[in-house]
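Trainee: Residue numbers (the working numbering), protein chains in the order written: chain R, 1 to 243; chain A, 1001 to 1532. Glycine included, C-beta positions come from ideal geometry on N, C-alpha and C. Note that the coordinates shown come from a computational prediction; the quantities given were computed from them, not determined experimentally. This is the structure I have questions about; it appears just below.
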């Protein structure tokens, strides 16, 4: 049975992914900080879907421990989904570098640290899939969240390069760019209903893209069009907009 | 097998085998879709008839139709806010869509969060999936258990499952049926939570044999008002156990439950549907069928005279593998193919359910079954949960909502009492779309609805004068020594409750010690005088 490792498993999106992959028969390892709070999730996954599930302690910012974390996993994964991220507060991050650094480190440096290790392992094994949850925010910097956006842009570029490198080694890399998603991370934000996805919808889209070996997917699909337009607004106009 | 082979086999077979093969080659259409189609057809015909056959009221109806169309268009333009965000209140109602309330809803995923809510808030009540009909699960502060919905353990050898209170019975069945287990007691919807099933001590078609939900609960954990967690079972804290089962959530918040399951060979039921010309014949059939594990009857309560109370009794038992006719079913007797569901996407205009359309539907439904007795094998969804296939079916009653008037009468006085009540409904021209009759056995606990006798459940759309009419029915129910089901109730007065529930006083005294200052209370418990 194939094994999925979910990095940053406490988020709503990660949980939706865990349940989706479990429903499709994959074994699951949930990796997160304070993994104790996920203790209920593993047996629930097992009982609902008749697969085996486990929990592992993982801190995206504990770069030094990433190699040990990966080698000590009870089961080498066939699919790794990198879900962790940190939205932060744009205004704080503009004046407080600690916040800016946390945004960059969580969304980019931490992902590079662990995915380098995963990529090398998959390359050596000659198989595997890496799924990176990036964001539409990385498609163009906007004043409202360009720190988060720039970190995600870096992550998107990283995944693209990784895909280029590993394509020859039978390792697939999938970049996922969700638009608005109704989760704990976005709780309290006024999100426009028609273009806001539920986590379960994102999970279903990700699984379909994984099966079809797609390279880059937007979820919901409408975001591909929205971002196409946003990317093509000429800079002299764009800089005057309040986006 | 190719179609030609099948046809050759058919031609050479004996007539009895031919009938079976015929069904395999060309299976009969799905019953549930047929019912839905019938309902829609009935509603349409009724509405049209109202428009064109009654010239006097036709004008008014047409005007109303126009207004409603206008309203609908207006609503589509102005988006309705889902929740009043500034005040932090949510607009919710339970299954009857009446009453509509603005309350504060709390959610929790772990015990620590729940403890904070419970110790820091007054006037609270736990709420599961909101499938009680009235205001049982409504209060100024509502604690939703829906996000506390993990399975904790499942012993597939012994048939013992433990889960958090927010797990839906539908999710539970998805897990246990493929392993050869079933719920010994299930109501007519699987969209309810385990916590709600305990608080309402729900029952179903098996009530006369298997009792209530609590009869199969091994143990549960309950959070009291002070935030402490107590394990309750028939042996451990039995008083608290029996006060909580059927206690309408007034003792605290159910956290986890351990349930004992029933072993089954298949996910199917062998069902017999028998038509009865009138109420007395239907009751005879019930009494004949007491040895069947499951029984229930649908009643057409819009007929008068010697046909009054005509209906169809459905009795059944778990099918064995040898009962299954289709090879696909035999190969996978515990797995069902997922079927497409239907949805009622918006509130239907109020005129859809009118006396005429209901009469048409009832007549069509009664005569749909031509033979007096029909035997069939159906899956558990069709057997127990025919209405679950239509999401939001409660919206057919329109914006004003509906209520279910479910009462029970002792067996001795049932024949006379039911007759009297049905007569009154027909005389007044009240429209009950769905009427369900069932023979019950005893129930334990402080506030038991069930007794040895007959229960009738009637769905009424909310219209002016309905509650006054139901007050009159209350008096008949009381006179015959009956009572109303709290989970469906939305309007019963204090006197009716205190007089009809023999242990009411005892329950309240006991509750005062568990639920100090009545921290846990619902609009219903205030209304019927438990917490006032």
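1. Please confirm whether residue 1229(A) has its beta-carbon closer than 7 angstroms to some beta-carbon of chain R.
2. Any Cβ of chain A within less than 7 angstroms of the Cβ of residue 121(R)?
3. For the pair the region 1419 to 1435 of chain A and the region 1175 to 1191 of chain A, tell me if three or more CB-CB distances fall below 8 angstroms.
4. Select from 140(R), 84(R) and 148(R) the residue whose C-alpha is nearest the C-alpha of residue 131(R).
5. Listed from N- to C-terminal order along the chain, which residues in the region 190 to 221 of chain R have their beta-carbon within a distance smaller than 9 angstroms of any beta-carbon of chain A?
6. Run through DSSP, which three-state label would residue 250(R) get?
7. Count the other CB atoms within 10 Å of the CB of residue 72(R); is the residue buried (16 or more) or exposed (fewer)?
8. Around the Cβ of residue 46(R), are there at least 16 other Cβ atoms within 10 angstroms (buried) or fewer (exposed)?
9. Counting only Cβ pairs nearer than 7 angstroms, list the residues of chain A close to residue 47(R).
10. Going along the chain, which residues of its own chain have a beta-carbon closer than 7 angstroms to the beta-carbon of residue 1369(A), five neighbours each way excluded?
11. Counting pairs of beta carbons, one from the region 1424 to 1433 of chain A and one from the region 1222 to 1238 of chain A, are three or more of them closer than 8 angstroms?
12. Taking all protein chains shown into account, do 16 or more other C-beta atoms lie within 10 angstroms of the C-beta of residue 1379(A), making it buried, or fewer, making it exposed?
13. Just the Cα atoms here: how many angstroms apart are residue 1342(A) and residue 198(R)?
14. Out of 1176(A), 1438(A) and 1508(A), state which residue places its alpha-carbon closest to the alpha-carbon of residue 1445(A).
15. How do the region 1282 to 1295 of chain A and the region 1206 to 1219 of chain A stand: do at least 3 beta-carbon pairs fall below 8 angstroms, yes or no?
16. Taking the alpha-carbon positions, what's the residue 1239(A) to residue 1513(A) distance?
17. Give me the chain A residues within the contact set of residue 12(R), using Cβ-Cβ distance strictly less than 8 angstroms, ordered along the chain.
18. Return the chain-ordered ranges of every alpha helix (DSSP H) run that is complete within the region 1270 to 1328 of chain A and spans a minimum of 4 residues.
19. Take residue 1278(A) and list the residues in its own chain whose beta-carbon comes closer than 8 angstroms to its own, dropping the five residues that flank it on each side.
20. Going by beta-carbon coordinates alone, are residue 1176(A) and residue 1268(A) separated by less than 7 angstroms?
21. Per the DSSP calculation, residue 1454(A) is bridged to which residue(s)?
22. Spatial neighbours of residue 1104(A) within its chain, please: CB distance less than 8 angstroms, with the 5 preceding and 5 following residues excluded, ordered by chain position.
23. Compare the beta carbon distance of residue 185(R) and residue 87(R) with 7 angstroms and say whether it is the shorter of the two.
24. Under 8 angstroms by Cβ, that's how I've got residue 42(R) and residue 54(R) pegged, so tell me the actual separation to the nearest angstrom.
25. Flag this pair as yes or no: are the beta carbons of residue 1106(A) and residue 1092(A) separated by less than 7 angstroms?
26. For residue 1097(A), count neighbouring C-beta atoms within 10 Å of its own C-beta (all shown protein chains included) and say buried if the count is 16 or more, exposed if not.
27. Can you have a look at residue 1455(A) and say buried or exposed, based on whether 16 or more other CB atoms are within 10 angstroms of its CB?
28. Would you report the Cα separation of residue 123(R) and residue 7(R), rounded to the nearest angstrom?
29. In the region 1335 to 1395 of chain A, which residue ranges form an unbroken beta strand (DSSP E) of at least 3 residues, counting only runs that do not cross its ends?
30. Show which residues of chain A have a CB atom less than 8 angstroms away from the CB atom of residue 79(R).
31. Does the beta-carbon distance from residue 3(R) to residue 78(R) come in below 7 angstroms?
32. Indicate the three-state DSSP secondary structure (helix, strand or coil) for residue 58(R) in the structure shown.
33. With contact counted as at least three CB pairs below 8 angstroms, one residue from each stretch, are the region 7 to 24 of chain R and the region 174 to 184 of chain R in contact?
34. My assumption, with CB atoms under 8 angstroms, is that residue 81(R) sits in contact with residue 17(R). Please give the rounded CB distance.
35. Just how far apart, CA to CA, sit residue 1484(A) and residue 175(R)?
36. Please specify which runs of the beta strand (DSSP E), each continuous and at least 3 residues long, are wholly inside the region 165 to 225 of chain R, giving them in chain order.
Mentor: Inspection of the coordinates gives the following:
1. It does not: the Cβ of residue 1229(A) has no partner Cβ on chain R nearer than 7 angstroms.
2. Residue 121(R) does not count as touching chain A.
3. The region 1419 to 1435 of chain A, when compared against the region 1175 to 1191 of chain A, does not touch it at the 8 angstroms Cβ threshold.
4. Taking only the C-alpha atoms, the option nearest residue 131(R) is 84(R).
5. Here the close residues are 190 and 193.
6. Residue 250(R) cannot be examined here, being either before or after the span of chain R that is shown, 1 to 243.
7. With fewer than 16 Cβ atoms within 10 Å of its Cβ, residue 72(R) is classed as exposed.
8. Of the residues assessed, residue 46(R) falls on the buried side of the cut-off, its CB having 16 or more other CB atoms within 10 angstroms.
9. Contact annotation for residue 47(R) against chain A: 1151, 1154 and 1175 [CB-CB distance below 7 angstroms, chain order].
10. Cβ neighbours of residue 1369(A) beyond the five flanking positions: 1273, 1275 and 1312.
11. The region 1424 to 1433 of chain A is not in contact with the region 1222 to 1238 of chain A.
12. So residue 1379(A) counts as buried.
13. As the crow flies, the alpha-carbon of residue 1342(A) is around 21 angstroms from that of residue 198(R).
14. That would be 1508(A), whose Cα lies nearest to the Cα of residue 1445(A).
15. Output reads yes: the region 1206 to 1219 of chain A touches the region 1282 to 1295 of chain A.
16. Annotation: residue 1239(A) to residue 1513(A) spans about 11 angstroms, alpha carbon to alpha carbon.
17. The premise fails here: residue 12(R) is roughly 11 angstroms from chain A at the closest Cβ pair, so nothing lies under 8 angstroms.
18. Qualifying alpha helix (DSSP H) stretches, in chain order: 1279 to 1288.
19. 1306, 1307, 1308, 1309 and 1310, listed in sequence order.
20. No, they are not a contact pair.
21. 1409(A) and 1439(A).
22. Here the set comprises 1088, 1089, 1090, 1140, 1141 and 1142.
23. For residue 185(R) and residue 87(R), yes; Cβs fall inside 7 angstroms.
24. Rounded, the Cβ-Cβ distance is 6 angstroms, consistent with contact.
25. Remark: C-beta atoms of residue 1106(A) and residue 1092(A) do not approach each other more closely than 7 angstroms.
26. With 16 or more other Cβ atoms within 10 Å, it is buried.
27. Residue 1455(A) comes out buried.
28. So the alpha carbons of these two residues sit roughly 19 angstroms apart.
29. Those beta strand (DSSP E) runs which fall completely within the region 1335 to 1395 of chain A and span 3+ residues are 1373 to 1379.
30. At a C-beta separation below 8 angstroms, residue 79(R) has no neighbours in chain A, since its nearest C-beta there lies roughly 23 angstroms away.
31. Yes, the pair counts as a contact, with Cβ atoms nearer than the cut-off.
32. Of the three classes helix, strand and coil, the one that applies to residue 58(R) here is coil, per DSSP.
33. The region 7 to 24 of chain R vs the region 174 to 184 of chain R: in contact.
34. The C-beta distance from residue 81(R) to residue 17(R) rounds to 6 angstroms, short enough to meet the 8 angstroms contact threshold.
35. In this structure, the alpha-carbon of residue 1484(A) lies about 58 angstroms from that of residue 175(R).
36. As far as the region 165 to 225 of chain R is concerned, its whole beta strand (DSSP E) runs of at least 3 residues are 172 to 178 and 216 to 219.
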